[in-house]
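Trainee: Here you go, one structure.
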Amino acid sequence: MFPKDFLFGASMSGFQVEMGYAKGDLDPNTDWFVWVREPENLINSVVSGHLPEYGVGYWYNFPTIHKLASDFGMNVLRTNIEWSRIFPRPTYDVDVKVEQTESDITSVQIDERALRELDELADKEAVEHYREIFSDMRKKGLKVFVNLVHFTLPIWLHDPVAVHKRQETDKLGWASKRSIVEFAKFAAYVVWKFDDLVDMYSTFNEPNIVSQMGYVMSVSGFPPAVFDTEKFFATFVNQIVAHARAYDVMKTLTNKPVGLIYAASIYESTNSDAELEESVGQFMNFAFLDAINSGVLLFQTREDLAGRLDFLGLNYYTRTVIQRSAQELSFGLVNMNWSIVPGYGYSCQPGGFSRDGRPVSDFGWETYPEGLLKLLRMMNERYALPIYVTENGVADARDWLRPYHLVAHMYAVERAVEEGLNVKGYLHWSIVDNYEWAKGYHMRFGLAETNYQTKSYNPRPSMYIFREIVKELSTEKFRSYLSSPYQIWRQKG
Numbered sequence: 001m002f003p004k005d006f007l008f009g010a011s012m013s014g015f016q017v018e019m020g021y022a023k024g025d026l027d028p029n030t031d032w033f034v035w036v037r038e039p040e041n042l043i044n045s046v047v048s049g050h051l052p053e054y055g056v057g058y059w060y061n062f063p064t065i066h067k068l069a070s071d072f073g074m075n076v077l078r079t080n081i082e083w084s085r086i087f088p089r090p091t092y093d094v095d096v097k098v099e100q101t102e103s104d105i106t107s108v109q110i111d112e113r114a115l116r117e118l119d120e121l122a123d124k125e126a127v128e129h130y131r132e133i134f135s136d137m138r139k140k141g142l143k144v145f146v147n148l149v150h151f152t153l154p155i156w157l158h159d160p161v162a163v164h165k166r167q168e169t170d171k172l173g174w175a176s177k178r179s180i181v182e183f184a185k186f187a188a189y190v191v192w193k194f195d196d197l198v199d200m201y202s203t204f205n206e207p208n209i210v211s212q213m214g215y216v217m218s219v220s221g222f223p224p225a226v227f228d229t230e231k232f233f234a235t236f237v238n239q240i241v242a243h244a245r246a247y248d249v250m251k252t253l254t255n256k257p258v259g260l261i262y263a264a265s266i267y268e269s270t271n272s273d274a275e276l277e278e279s280v281g282q283f284m285n286f287a288f289l290d291a292i293n294s295g296v297l298l299f300q301t302r303e304d305l306a307g308r309l310d311f312l313g314l315n316y317y318t319r320t321v322i323q324r325s326a327q328e329l330s331f332g333l334v335n336m337n338w339s340i341v342p343g344y345g346y347s348c349q350p351g352g353f354s355r356d357g358r359p360v361s362d363f364g365w366e367t368y369p370e371g372l373l374k375l376l377r378m379m380n381e382r383y384a385l386p387i388y389v390t391e392n393g394v395a396d397a398r399d400w401l402r403p404y405h406l407v408a409h410m411y412a413v414e415r416a417v418e419e420g421l422n423v424k425g426y427l428h429w430s431i432v433d434n435y436e437w438a439k440g441y442h443m444r445f446g447l448a449e450t451n452y453q454t455k456s457y458n459p460r461p462s463m464y465i466f467r468e469i470v471k472e473l474s475t476e477k478f479r480s481y482l483s484s485p486y487q488i489w490r491q492k493g
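Residue 1 is where the sequence shown starts when you use the UniProt record's numbering, and the numbers rise one by one after that.
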């Protein structure tokens with residue numbers, strides 16, 4: 001069983017849910033807002049052609065979605081504060097104390113004067129509106145879990161089109177070290193203005209995805225969509241340092257926990273190549289987290305990075321099956337001599353079955369719940385920190401696969417808890433269908449179905465299962481689902 005104080009909820013992100021009325025809720029000042037309407041991207045089908053301003057409408061409809069969460073047993077919601085809403089204009093001119101070596105920024109200090117200068121630049125209406133959102137969460141019995149950056153950056157910090165076209169620009173996003181200092185300013189300001197309403201913070205959601213999708217998997221649709229191993233390495237390291245500097249300034253202003261949310265997977269090889277699995281997992285799962293936990297960053301130890309993690313958020317969707325590759329790529333100090341095997345994990349045909357005969361989502365992602373338990377065991381042993389499953393879900397417009405997927409993964413979490421692992425919460429992705437980045441509105445991850453025309457949110461059958469599991473603090477009532485997913489899928493498919 002789950003303990004009574006276990007956190008059950010859902011995760012969202014501002015860009016994916018806030019807009020919806022194409023008027024007062026618009027946030028045109030992000031890199032993603034510009035990216036999804038860039039003509040070249042539309043012509044080449046890099047993005048869906050869907051626009052975020054016709055989306056969920058959470059900016060105005062937050063009371064309805066919060067009530068939905070509360071009515072279905074949730075006690076926590078995670079969302080982020082859009083940096084571009086708070087600071088639509090640059091914050092470069094706000095002077096703060098920065099200490100650095102020849103290669104990196106080792107300290108940022110932000111005093112009361114700097115915070116008041118930032119307050120002069122901030123959009124006061126946006127600040128007040130976020131306070132209304134968080135106040136309403138609390139009124140409805142929901143803990144407030146605030147993430148700072150969920151992919152999007154202010155356009156004054158990152159011009160993805162210019163970077164993509166190799167134009168001269170200083171708006172390089174995480175490829176530039178000046179983003180580290182600006183992020184520390186934003187982080188400090190958020191705590192200064194919202195700490196009375198927030199229960200816990202994370203600095204980043206999936207920083208590894210920003211590096212991988214933006215600079216390696218350039219066909220992913222993520223900005224800036226260029227293959228550049230040097231910038232991959234730079235963005236990877238700069239986000240590590242940015243987390244540490246943000247953590248430092250936040251902890252001068254709050255005693256609330258500050259963590260990080262990481263996109264993790266289980267790496268399995270086709271021929272049980274343990275050496276390959278270990279080496280790939282070491283970089284893909286551990287390199288970033290080791291740096292901010294123990295200070296070990298790619299063959300060196302840095303005290304200015306160590307101990308900057310109060311909890312670990314894990315986003316898990318499926319496994320990754322790999323094999324050795326004859327071709328080797330160099331990413332800074334890291335060499336990649338492996339490739340992904342199609343037909344498993346994230347590389348399946350949508351709506352069918354994987355090469356192992358497992359059901360596959362509308363996104364082409366294999367259902368592999370045992371990977372979540374393996375991951376929780378591994379992370380618990382390595383880091384000995386409180387762990388939250390901060391994203392787990394499935395793109396399934398018909399809700400045929402989601403009931404099994406939900407029960408199987410929540411059962412994995414329940415087993416982890418019963419084994420004594422320090423797992424404190426499960427947050428589903430997501431409570432409602434939303435804007436799935438380059439895929440637009442095609443992928444439906446919601447426990448509730450979003451009607452984008454009427455801005456209504458209708459619970460799917462799986463949402464009732466979620467509520468019952470929370471009520472019973474156990475998946476036991478639904479474990480028969482674990483033996484029948486394929487039959488259900490094939491009968492209805």
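For glycine and all other residues, C-beta sits at the position ideal for the given N, C-alpha and C.
#1: For Ser265, tell me which candidate among Ser135, Trp365, Ile86 has the shortest Cα-Cα distance.
#2: How long is the line joining the alpha carbons of Ile488 and Arg245, rounded to whole angstroms?
#3: Report, in whole angstroms, the separation of the C-beta atoms of Gly9 and Leu427, which I expect to be a contact under 8 Å.
#4: Would Trp59 and Glu18 qualify as a contact pair, given that the criterion is a beta-carbon distance under 8 Å?
#5: Between Ala114, Met217, Ala162, Pro224, which has its C-alpha nearest Val181's C-alpha?
#6: Tell me, which residues are paired with Tyr262 by DSSP?
#7: Provide the residue span of the beta strand (DSSP E) that contains Ile105, from first to last.
#8: Report all residues from its chain with a CB closer than 7 Å to the CB of Phe87; omit the five preceding and five following residues, and keep chain order.
#9: Hey, quick one: how far does the alpha helix (DSSP H) through Gln239 stretch, first residue to last?
#10: Roughly how many angstroms separate the alpha carbons of Gly493 and Pro90, rounded to a whole number?
#11: Determine, using beta-carbon pairs with one atom in the stretch 231-240 and one in the stretch 199-214, whether at least three such pairs fall under 8 Å.
#12: Please list the terminal residues of the continuous alpha helix (DSSP H) segment that includes Pro39.
#13: By alpha-carbon positions, which one of Lys143, Asp170, Glu230 ends up nearest to Asn75?
#14: Terminal residues of the continuous alpha helix (DSSP H) containing Ile86?
#15: Assuming residue 515 and His243 are in contact, meaning their beta carbons sit under 8 Å apart, how far apart are those beta carbons, in whole angstroms?
#16: Could you check what DSSP says for Lys420 in three-state terms: helix, strand or coil?
#17: Identify which residue in Ile465, Gly345, Gln327, Lys424 has its Cα closest to the Cα of Trp338.
#18: Are the CB atoms of His158 and Lys171 within a distance shorter than 8 Å?
#19: In this structure, does DSSP put Glu468 in helix, strand or coil?
#20: For Lys471, which residues from the same chain have a beta carbon less than 7 Å from its beta carbon, with the 5 sequence-adjacent residues on both sides left out?
#21: Quick one: measure Cβ to Cβ for Val249 and Ile110, integer angstroms, because I've assumed they're closer than 8 Å.
#22: Can you list the alpha helix (DSSP H) stretches of 4 or more residues lying completely in the stretch 337-421, in chain order?
#23: Here's the rule I'm using: 16 or more other beta-carbon atoms within 10 Å means buried, otherwise exposed. How should Asp95 be labelled?
#24: What first and last residue would you give for the alpha helix (DSSP H) that runs through Leu289?
#25: What do you get for Ser103, buried or exposed, if any count of 16 or more other CB atoms within 10 angstroms of its CB means buried?
#26: Unbroken beta strand (DSSP E) runs of length 3 or more, entirely within the stretch 116-174: which are they?
#27: Alpha carbons only, please: which of Met217, His164, Lys193 is nearest the one belonging to Lys124?
#28: Can you tell me whether Gln282 is helix, strand or coil according to DSSP?
#29: Assuming contact is defined by CB atoms lying nearer than 8 Å, are Phe232 and Val219 in contact in what I supplied?
#30: Roughly how many angstroms lie between the CA atoms of Gln44 and Gly259, to the nearest whole one?
#31: Hey, Lys455 and Gly14 are a contact pair by Cβ (cut 8 Å); roughly how many whole angstroms apart?
#32: May I ask you to report which of helix, strand or coil DSSP gives Ala184?
#33: Would DSSP call Met19 helix, strand or coil?
#34: Out of curiosity, what's the CA-to-CA distance linking Arg402 and Tyr388?
#35: For my contact list, Pro223 and Trp32 are in at a C-beta cut-off of 8 Å; report their separation, rounded to the angstrom.
Mentor: Working from what's here:
#1: Trp365
#2: Here Ile488 scores only 48 on pLDDT, less than 50, and its place in the model is too uncertain to base an answer on.
#3: 5 Å
#4: By the CB criterion at 8 Å, Trp59 and Glu18 fall inside the cutoff.
#5: Ala114
#6: Leu314
#7: Unbroken beta strand (DSSP E) run through Ile105: 105-109.
#8: Excluding positions up to five away in sequence, the list reads Leu121, Ala122, Pro154, Phe186.
#9: That run of the alpha helix (DSSP H) goes 229-251.
#10: Annotation note: pLDDT 38 at Gly493 (below 50); position unreliable, coordinate value reported separately. Rounded to the nearest angstrom, the two C-alpha atoms are 51 Å apart.
#11: At 8 Å Cβ cutoff, the stretches touch.
#12: 39-43
#13: Lys143
#14: 83-86
#15: Residue 515 falls outside the range modelled here, since the chain spans only 1 to 493, and no answer is possible.
#16: Position check: residue 420 holds Gly in this sequence, whereas Lys was assumed. Correct three-state label for Gly420: coil.
#17: Residue Gln327 holds the alpha-carbon nearest to the alpha-carbon of Trp338 among Ile465, Gly345, Gln327, Lys424.
#18: yes
#19: Three-state result, Glu468: helix.
#20: Excluding positions up to five away in sequence, the list reads Gly73.
#21: 5 Å
#22: 370-383, 402-418
#23: By the 16-neighbour rule on beta-carbons within 10 angstroms, Asp95 is exposed.
#24: Where Leu289 is concerned, the enclosing alpha helix (DSSP H) stretches over 287-293.
#25: It is exposed - the Cβ of Ser103 has fewer than 16 other Cβ atoms within 10 Å.
#26: 143-149
#27: Lys193
#28: helix
#29: no
#30: It should be noted that the sequence gives Asn, not Gln, for residue 44. Cα to Cα, the separation comes out at about 38 Å.
#31: Not a contact, Cβ separation roughly 17 Å.
#32: Helix.
#33: coil
#34: The straight-line gap from Cα to Cα measures roughly 21 Å.
#35: With a Cβ gap of about 7 Å, Pro223 and Trp32 count as contacting.
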